[in-house]
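Each residue of the sequence shown is one higher than the last, beginning at 1053 in the numbering used here.
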Amino acid sequence: MTIAKSDETATSPALIEEDFEDFWEPPPPPTDLIFDDGEPLESNRHRIAMNVLIRSLQQGYGERDDFYTGGNMFIYFSREQAKNRDFRGPDFFAVLNVDGSRERQGWVIWEEEGRYPDVIVELTSPSTARTDKVRKKAIYEGTFRTPDYFIYDPFDGNSLQGWHLGADQRYHSLERNERGWLWCESLGYWLGTWEGTIDRETAIWARFYDPEGNLIPLPEEAAQEQAAAAQEQLNATQQALEAERQRSQQLEARLREMGIDL
1053 MTIAKSDETA TSPALIEEDF EDFWEPPPPP TDLIFDDGEP LESNRHRIAM NVLIRSLQQG
1113 YGERDDFYTG GNMFIYFSRE QAKNRDFRGP DFFAVLNVDG SRERQGWVIW EEEGRYPDVI
1173 VELTSPSTAR TDKVRKKAIY EGTFRTPDYF IYDPFDGNSL QGWHLGADQR YHSLERNERG
1233 WLWCESLGYW LGTWEGTIDR ETAIWARFYD PEGNLIPLPE EAAQEQAAAA QEQLNATQQA
1293 LEAERQRSQQ LEARLREMGI DL
């Protein structure tokens, strides 16, 4: 008996897999992100400390528009984290080599070409210290791969600590210089402390310093420095004019003594 051959051929597993890859698309990222949970910072001093870091970096980098710095805002880095909403962004962070002119409500990794922060500072407290040193540090090291991570308690001037991500992709403690400052390789600045009054509150603040050790000023401090320099220049000009006037008077007096009438 002759068995007729079917015109239909079985579809191979390889073809099924190829067709699946051609038509499968990853699920879209979540769109119901929240950017304000109404939770305040630890204290007014923590708020000031955050703004000091943000505003001084903006002042130090001047007209550059290739960086973004923010604080106390959400960083979304995975669908699971966005779904659970179990992670609040750092108190201060900076991302380099990005469009800094674009306004953002938060930092959404999949909208930023996969860019994570280059620098993070957590303004810690006794109630958050363990989280900042353990859980968040592990996230910044293992998931974010953030090169430079620091913690500082605005109520404890000796609390500054920092880590740099090494070639082994692990955090290594930074050593303080003779002033107790830590070098932030990503920014090219020292992170140290400065005692003074800001926004009517006197404290030991975390501040940036340039490689030569000069304090990176806040905008109002820079304006005060410029005004002081202008006043000093004006005083010097007035003193020079007064000296010239006195020399002219002395010369006229000597000429009159010599019988020379001007």
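Each residue gets a CB set at the ideal place from its N, CA and C atoms; glycine is no exception.
Mind checking whether Y1192 and I1161 have CB atoms under 9 Å apart? Not a contact, by the Cβ cut-off of 9 Å.
If I measure Cβ to Cβ from G1214 and keep anything under 6 Å in the same chain, skipping five residues before and after, which residues do I get? Counting only Cβ-Cβ distances below 6 Å, and skipping sequence neighbours, we find F1202, L1226 and L1234.
According to the Cβ coordinates, are F1119 and G1152 closer than 9 Å? Yes, Cβ-Cβ distance for F1119 and G1152 is below 9 Å.
Starting from the C-beta of E1174, find all residues in its chain whose C-beta is less than 6 Å away, skip the five residues before and the five after it, and write them out in chain order. Within the same chain, and ignoring the five residues on either side of E1174 in sequence, the residues whose Cβ sits closer than 6 Å to its Cβ are P1142, D1143, D1184 and I1203.
Does L1067 pass the burial test, meaning 16 or more other C-beta atoms within 10 Å, or should it be called exposed? Because L1067 sits at a pLDDT of 46, beneath the cut-off of 50, its placement in the model cannot be relied upon, and the point is left open.
For V1186, is the classification buried or exposed, using 16 other Cβ atoms within 10 angstroms of its Cβ as the cut-off for buried? Its Cβ having fewer than 16 others within 10 Å, V1186 is exposed.
Would you call P1271 buried or exposed, if buried means 16 or more other Cβ atoms sit within 10 Å of its Cβ? Burial call: exposed.
In angstroms, rounded to a whole number, what distance separates the CA positions of D1170 and F1129? If you take the alpha carbons of D1170 and F1129, they lie about 14 Å apart.
Per DSSP, the bridge partner or partners of E1247: Note: E1247 sits in a beta bridge opposite I1256.
Per DSSP, what kind of secondary structure is E1174 in: helix, strand or coil? E1174 falls in the strand class under three-state DSSP.
Can you pull the DSSP bridge partners for G1214? In DSSP, G1214 forms a bridge with F1202.
Beta-carbon contacts of A1280 that lie in its chain and below 6 Å, excluding the five residues immediately before and after: Taking C-beta separations shorter than 6 Å and ignoring five residues to either side along the sequence, A1280 has no partners in its chain.
Taking the beta carbon of A1146 as the centre, do at least 16 other beta carbons fall within 10 Å, making it buried, or is it exposed? So A1146 counts as buried.
Could you check which residue in Q1285, T1245 and Q1221 has the C-alpha nearest to that of E1230? Checked all of Q1285, T1245 and Q1221; the closest Cα to E1230 is T1245.
What three-state label does DSSP hand A1162 in the structure shown? Note that residue 1162 is Trp in the sequence shown, not Ala. Reduced to three states, the DSSP call for W1162 is helix.
First and last residue of the uninterrupted alpha helix (DSSP H) at L1307: Start and end: P1271 to E1309.
Classification of R1097 by the beta-carbon crowding that lies within 10 angstroms, buried from 16 upward: Sixteen is the threshold: when 16 or more other Cβ atoms of the shown chains lie within 10 Å of the Cβ of R1097, as they do, the residue is buried.
Presumed contact (8 Å Cβ cut-off) between P1199 and S1238, rounded CB distance: That pair is a contact at about 5 Å.
Run through the DSSP bridge pairs and tell me what S1225 is partnered with. As a beta-bridge residue in DSSP terms, S1225 pairs with W1215.
Taking the alpha-carbon of P1236 as reference, which of Q1221, D1251, L1217 and T1254 has the nearest alpha-carbon? Pro is not the amino acid found at residue 1236; the sequence shown has Cys there. Selected option, being the one with the closest Cα: L1217.
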